[in-house]
Amino acid sequence: MSRLQIIKYRKYSFLFSLFLIIIGIISLAVNGLNWGIDFTGGTVLHFRIGQPFEVEEVRDILREFDLEGSFIQKVGHEGFFHEEKDEVIIKTVSLSEEERREVFQAFQERWGLNEEDIISQESVGAVIGGELTRNAILALFIATAGMLAYITIRFEFKFAISAIVALVHDLIILLAVFSLLRIEINSPFVAAILTIFGYSINDTIVVFDRIRENLKAMKKYDYFTIVNSSINQTITRSINTSVTTLLVLLSLFIFGGITLRPFITALLVGVVSGTYSSIFVASPVWVIWKQREIAGRK
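If you count the sequence shown from 1, position 7 lands on 6 in numbering that gives the first Met the number 0, and the numbers rise without skipping.
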């Protein structure tokens with residue numbers, strides 16, 4: 000009836016997930032996370048270039064100071080016929096007064112700026128970073144609670160807990176990758192997590208919905224057979240959806256610029272992990288729980 004015996008060999012998928020989680024926890028304990036300016040505070044520089052320029056030209060200058068990973072944004076004012084983007088905003092790590100002066104001098108040498116072209120130089124305090132952290136945690140909590148309530152109402156509480164276990168799995172894997180690769184975490188990372196949660200839960204619900212249908216249509220079979228059959232019926236759809244999504248994300252990763260890469264990296268990891276967990280984590284957790292519940296009644 001079923002081509003892939005996913006439930007039969009669930010122990011191997013659980014061991015693989017456990018292996019990745021242990022590596023992630025060790026990395027988080029040893030390396031921690033590379034928090035960016037949005038969470039730790041830093042320096043925001045706003046200069047008027049006064050002529051057309053490219054973001055890569057600014058990045059080349061910052062590279063001299065090992066600041067090439069900074070957030071760079073072209074801004075400007077409305078011209079008569081079009082918007083003239085002749086200003087640049089740079090968000091980077093905390094810089095001393097002397098370091099700010101050295102950076103501005105490099106801009107002076109490149110574009111002949113003067114003191115009047117410094118629109119602003121300010122520090123973003125850790126207080127703002129702390130508030131952002133609290134808001135991020137609150138957003139994740141509300142999203143998780145909403146998913147828990149929705150799945151419980153639509154399916155059952157055991158389905159909801161199994162789905163949340165899969166989401167926690169995805170979150171730990173994502174944090175592990177960012178910790179191991181020392182990728183900087185800023186506010187878009189929170190948006191990436193919420194996007195991943197939505198993608199992963201949607202994939203999981205597709206499988207759960209098929210399980211619910213098969214529980215009615217395959218009453219003479221046990222839970223293991225029903226769940227395994229349901230996964231086989233939906234796995235092609237899950238993989239095809241993930242592959243097409245990954246192709247788009249890979250193109251953005253390659254051509255979207257260095258500033259977008261942390262965000263895109265999070266989505267890439269999340270799509271892969273979310274697809275894996277919806278197949279190899281959520282459903283097996285549910286079926287094991289149901290089987291133990293039946294065994295407990297006997």
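Ideal Cβ placement from N, Cα and C applies to all residues, glycine included.
Asked: Closest by CA to V164, which one among I36, W288, E63 and G68?; Found: W288
Asked: With a 10 Å radius around its C-beta and 16 neighbouring C-beta atoms as the bar for buried, classify Y275 as buried or exposed.; Found: buried
Asked: In angstroms with no decimal places, state the Cα-to-Cα distance between W110 and T42.; Found: 22 Å
Asked: Roughly how many angstroms lie between the CA atoms of F103 and F262, to the nearest whole one?; Found: 29 Å
Asked: Which runs of the beta strand (DSSP E), 3 residues or longer, sit entirely within the stretch 44-82?; Found: 70-77
Asked: Only counting the same chain, and skipping five residues up and downstream in sequence, which positions put a Cβ closer than 6 Å to that of L266?; Found: A191 and L248
Asked: Tell me the DSSP secondary structure of G273 in three-state form.; Found: helix
Asked: What residue range is occupied by the uninterrupted alpha helix (DSSP H) comprising I163?; Found: F156 to L180
Asked: Report back the beta-carbon spacing between L27 and S178 to the nearest angstrom; my notes put them in contact at under 8 Å.; Found: 5 Å
Asked: Which full runs of the alpha helix (DSSP H) of 4+ residues lie inside the stretch 183-254, going along the chain?; Found: 186-216 and 222-254
Asked: Would you give the residue range spanned by the alpha helix (DSSP H) that S16 belongs to?; Found: R9 to V29
Asked: Which residues bound the alpha helix (DSSP H) around Q104?; Found: E96 to W110
Asked: Suppose contacts are defined by Cβ-Cβ distances below 8 Å. Is L214 in contact with I225 by that definition?; Found: yes
Asked: If you drop the 5 nearest sequence neighbours on each side, which residues of the same chain put their C-beta closer than 7 Å to that of K73?; Found: V54, K84 and V87
Asked: Say whether the stretch 25-40 touches the stretch 112-125, bearing in mind that this needs 3 or more beta-carbon pairs closer than 8 Å, one atom from each stretch.; Found: yes
Asked: On the DSSP letters alone, give me the boundaries of the beta strand (DSSP E) that I117 sits inside.; Found: I117 to V123
Asked: Select from L44, I48 and Q50 the residue whose C-alpha is nearest the C-alpha of S95.; Found: L44
Asked: For G182 and I171, what's the separation of their Cα atoms in angstroms?; Found: Residue 182 is actually Ile in this sequence, not Gly. Whole-angstrom Cα-Cα distance: 15 Å.
Asked: Take the Cβ of S69 as the centre, count every other Cβ of all protein chains shown within 10 Å, and call the residue buried at 16 or more, exposed below.; Found: buried
Asked: Rounded to whole angstroms, what is the Cα-Cα separation between M146 and P51?; Found: 47 Å
Asked: Of the choices G75, L66, T143 and E108, whose alpha-carbon is the least far from that of V92?; Found: L66
Asked: Only counting the same chain, and skipping five residues up and downstream in sequence, which positions put a Cβ closer than 7 Å to that of L131?; Found: D37, F38 and S186
Asked: The alpha helix (DSSP H) with I36 in it runs from where to where?; Found: I36 to T39
Asked: Run through DSSP, which three-state label would I5 get?; Found: coil
Asked: For V280, which three-state DSSP category applies?; Found: helix
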